[in-house]
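Visitor: Counting the sequence shown from 1 gives a position; this note's numbering is that position plus 1330.
Just so you know, even glycine gets a beta-carbon here, dropped at the ideal spot from N, CA and C.
Computed from a prediction, not measured in an experiment: that's the story for all the values here.
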Amino acid sequence: MPERGGDAPGRADSPPEVSTDPGEDRLPGLRPGPALGMAWSGAGAATGPADLGWLPGPIRPGDRVETFVARLPRHEAGPDPEPAGSVCVVGIGDDGWDGLSCAAREMVAAAEVLVGGARHLALVPDTAAERVEWPSPFTVRFVAESAAHRRVCVLASGDPMFFGVGATLVRELGAARVTVLPAPSSASLACARLGWSVQGVPVVSAVGRPPATLAVELARAARILVLSADGLTPGRVAVLLRERGFGTSKVTVLEHLGGPAESVWQGSADALAAAPERRFADLNVVAVECGDGPGRSRVPGLPDDVYAHDGQLTKREIRAVTLAALGPLPGEVLWDVGAGSGSIGIEWMRAHPTCRAIGFETREDRAERARSNAVALGVPGLRIVVGRAPEVLAEDVGLAEFAGVAPDAVFIGGGLTVPGVVERCWAALRPGGRLVANAVVAETEAELLRHRAAYGGELTRVQITRSAPVGRFTGWRPAMPVTQWVAVKPLSDANEE
1331 MPERGGDAPG RADSPPEVST DPGEDRLPGL RPGPALGMAW SGAGAATGPA DLGWLPGPIR
1391 PGDRVETFVA RLPRHEAGPD PEPAGSVCVV GIGDDGWDGL SCAAREMVAA AEVLVGGARH
1451 LALVPDTAAE RVEWPSPFTV RFVAESAAHR RVCVLASGDP MFFGVGATLV RELGAARVTV
1511 LPAPSSASLA CARLGWSVQG VPVVSAVGRP PATLAVELAR AARILVLSAD GLTPGRVAVL
1571 LRERGFGTSK VTVLEHLGGP AESVWQGSAD ALAAAPERRF ADLNVVAVEC GDGPGRSRVP
1631 GLPDDVYAHD GQLTKREIRA VTLAALGPLP GEVLWDVGAG SGSIGIEWMR AHPTCRAIGF
1691 ETREDRAERA RSNAVALGVP GLRIVVGRAP EVLAEDVGLA EFAGVAPDAV FIGGGLTVPG
1751 VVERCWAALR PGGRLVANAV VAETEAELLR HRAAYGGELT RVQITRSAPV GRFTGWRPAM
1811 PVTQWVAVKP LSDANEE
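Below you can see the structure in the form of structure tokens.
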């Protein structure tokens, strides 16, 4: 979905609101600056991978939109022209047409089809172009069909490549067919107002995503930006902060960024959480400066007591060793077979925001518990599939978002003695991927020995011993040893296939 935060038509006749509520403070010094259009000029400035040779030249001083459109080439009657197939995407801010660069205005004026949300379309002057609003449910496929025979310009909020429709169009059409002219993103505008360094601030989108994703970023003195889904998002964020022990955090809500009605609210998370139903402008960005609170490290090996479980939990030290063997890298996908409480998949996803995981679990109650743990620990995107292995380990695993995606790593924490489980996991694993399996009892350890003989790899035995009281003294109480098998699928398997 297009980025929502901070880009909206403002109310030029409405002065900034001054709050008198306790626990909050308006910041009148934070006012909108001049229009932030990109400093581009001339047709040649509309650079990008797509061929947009249909632009007739730069907007000349004093040109009106209709004057520029009049200079556009017209198709002669007869056969349809050769399909151009290219699409331009113009980022537009809350300052609307006035904030667009010359190159962006040229693209809008020359378009035969303008696509965007109702708000975006209302920000640009009328032309002869057909205006098409985004359909519901959201899709971009019709854009390619329109672009085959007509000049199409898509309007989007701020920087279309930042949590925006630009990236979606590139995935759908290919980079060679999409040219993007960005405006400043809501994150850039927010950081400019607050004096924050953009590269040092994580950005969490609440558009189409649960606010629980914010939990991963919470740490003492951390600065975080949240792109709001609507005017109630700030209240939801404040409630989450209070529930996670960060109620003293400073919360700043920046509304209508870059437009004439820009305003800023500031207060504590506790103060806003006391009235979570308060509605801000739908297009806002929430800035969080964390106070003291119980942050959780991203390093694998979270304390056992952060998980709800019924005993089916890979213990902390073994979990850390297991994640080290799995070796999560950005963008990789994990299969967690025998998910239990979900701890392996959860800590895999916490390693990097782009890591994804699917857990397979035979029991619905455990699956639901794993989902709850994932939300509590900031990775609500963990997917749990209920079913019995190996039957449940289908190629598309029943989830459209993972269709055709081979796992980069597989962890087998249950089902080692079930015929076909290891074989199915090995077949699904991409060449170069890692398979890790843990065994505690002799029967499953025997299975590890058998599979190591077939697929290679290394065996390691790990035993954890913890201190325990022995009368007036302290002794050591050993846990059951865990045997771990780690195997890497040879790259040569890809050639054999």
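Between the alpha carbons of A1654 and V1473, how many angstroms are there, rounded?
Guide: If I take the Cα positions, the gap works out to 44 Å.
Visitor: Using a threshold of 8 Å, state whether the C-beta atoms of D1634 and L1643 are closer than that.
Guide: Taking 8 Å as the Cβ cut-off, D1634 and L1643 qualify as a contacting pair.
Visitor: What's the C-alpha gap between E1412 and E1475?
Guide: Residue placement at E1412 cannot be trusted, given a pLDDT of 32 that sits under 50; what the coordinates show is reported in the next sentence. The alpha-carbon atoms of E1412 and E1475 are separated by roughly 14 Å.
Visitor: Within the same chain, show all residues whose beta-carbon is closer than 7 Å to that of Q1793, passing over the 5 residues directly before and after it, in chain order.
Guide: These residues qualify, in order along the chain: P1808, A1809 and P1811.
Visitor: Rank V1495, W1806 and E1788 by C-alpha distance to the C-alpha of T1795 and give the top, closest one.
Guide: The candidate whose alpha carbon is nearest that of T1795 is W1806.
Visitor: With the cut-off set at 8 Å, would you say F1741 and V1667 are in Cβ contact?
Guide: Yes; because the gap between Cβ atoms is below 8 Å, this pair is in contact.
Visitor: Our contact map puts S1416 next to R1523 with C-beta atoms below 8 Å; I'd like the distance itself, whole angstroms only.
Guide: That belief does not hold up - the Cβ atoms of S1416 and R1523 are roughly 35 Å apart, past 8 Å.
Visitor: Just grab the DSSP bridge partners of S1598 for me.
Guide: K1580.
Visitor: Going by C-alpha to C-alpha distance, which of E1721, S1671, A1520 and W1815 sits closest to L1587?
Guide: Nearest of E1721, S1671, A1520 and W1815 to L1587, Cα basis: A1520.
Visitor: In the DSSP assignment, what residue or residues form a beta bridge with T1795?
Guide: Note: T1795 sits in a beta bridge opposite P1808.
Visitor: Shortest alpha-carbon distance to D1612 belongs to which of W1678, W1665, E1694 and V1537?
Guide: Taking only the C-alpha atoms, the option nearest D1612 is V1537.
Visitor: Assuming G1675 is part of the alpha helix (DSSP H), what are its boundary residues?
Guide: Where G1675 is concerned, the enclosing alpha helix (DSSP H) stretches over S1673 to R1680.
Visitor: Using the Cα positions of C1483 and A1440, report the straight-line distance between them to the nearest angstrom.
Guide: Whole-angstrom Cα-Cα distance: 9 Å.
Visitor: Hey, could you find the ends of the alpha helix (DSSP H) T1774 is sitting in?
Guide: Here the alpha helix (DSSP H) through T1774 covers A1772 to Y1785.
Visitor: Using CA atoms only, rank isn't needed, just tell me which of A1758, V1709 and S1515 is closest to V1722.
Guide: Nearest of A1758, V1709 and S1515 to V1722, Cα basis: A1758.
Visitor: Looking at L1672: is its Cβ nearer than 8 Å to the Cβ of L1729?
Guide: Contrary to the premise, residue 1672 reads as Gly rather than Leu in this sequence. Contact flag unset, no.
Visitor: Return yes when the Cβ of G1621 is within less than 8 Å of the Cβ of R1574, no when it is not.
Guide: Contact: no.
Visitor: Hey, out of G1488, P1658, G1525 and A1542, whose CA is closest to S1516's CA?
Guide: Comparing Cα-Cα distances from S1516 to each of G1488, P1658, G1525 and A1542, the minimum goes to G1488.
Visitor: Specify, as a first and last residue, the run of the beta strand (DSSP E) that W1665 falls within.
Guide: First-last of the beta strand (DSSP E) with W1665: V1663 to V1667.
Visitor: Go ahead and pull the three-state DSSP assignment for C1620.
Guide: If DSSP states are grouped into helix, strand and coil, C1620 belongs with coil.
Visitor: With burial defined as no fewer than 16 other Cβ atoms inside 10 Å of the residue's Cβ, what is the status of G1530: buried or exposed?
Guide: Exposed: under 16 other Cβ atoms inside 10 Å.
Visitor: Should L1571 be labelled buried (16 or more other beta-carbon atoms within 10 Å of its own) or exposed?
Guide: With 16 or more other Cβ atoms within 10 Å, it is buried.
Visitor: What residue from V1443, A1433 and D1424 has the CA that sits closest to R1449's CA?
Guide: For the residues V1443, A1433 and D1424, the minimum Cα distance to R1449 belongs to D1424.
Visitor: When the Cα atoms are used, what is the spatial distance from A1559 to I1674?
Guide: In a straight line, the C-alpha of A1559 is about 30 Å away from that of I1674.
Visitor: Which residue comes first and which comes last in the beta strand (DSSP E) that contains F1741?
Guide: Per DSSP, F1741 belongs to the beta strand (DSSP E) from A1739 to I1742.
Visitor: Can you name the start and end residues of the alpha helix (DSSP H) that A1687 belongs to?
Guide: From DSSP, A1687 is part of no alpha helix (DSSP H) but of the beta strand (DSSP E) over R1686 to E1691.
Visitor: Using 8 Å as the threshold, is the C-beta distance between P1660 and H1639 below it?
Guide: Not closer than 8 Å, so no.
Visitor: Among residues of its own chain, excluding the 5 on either side of G1561, which ones have a beta-carbon nearer than 8 Å to its beta-carbon?
Guide: R1609, F1610, A1611, D1612 and N1614.
Visitor: Measuring CB to CB, does S1579 end up less than 8 Å from E1619?
Guide: A contact, by the Cβ cut-off of 8 Å.
Visitor: With G1496 and V1510 assumed to form a contact (beta carbons below 8 Å), what rounded beta-carbon distance in angstroms separates them?
Guide: Right, their Cβ atoms sit about 5 Å apart.
Visitor: For the region 1414-1478, which segments carrying the alpha helix (DSSP H) assignment without a break, of at least 4 residues, lie completely within its bounds, in sequence order?
Guide: Entirely contained in the region 1414-1478, the alpha helix (DSSP H) runs reaching 4 residues are, in chain order, 1432-1440, 1448-1452 and 1471-1477.
Visitor: Which residues does DSSP pair with Q1529 in a beta bridge?
Guide: Answer is none; Q1529 lacks a bridge partner.
Visitor: Would you kindly check if the distance between the Cβ of V1800 and the Cβ of R1764 is under 8 Å?
Guide: No, these two residues do not count as a Cβ contact at 8 Å.
Visitor: When burial is assigned at 16 or more other CB atoms within 10 Å of the CB, is A1605 buried or exposed?
Guide: Looking at its Cβ environment, which holds fewer than 16 other Cβ atoms inside 10 Å, A1605 is exposed.
Visitor: Go through the region 1529-1563 residue by residue and report every complete run of the beta strand (DSSP E) that reaches 3 residues or more, in order.
Guide: Whole beta strand (DSSP E) segments, 3+ residues: 1533-1535 and 1553-1557.
Visitor: Kindly identify the DSSP beta-bridge partner or partners of Q1814.
Guide: N1768 and T1790.
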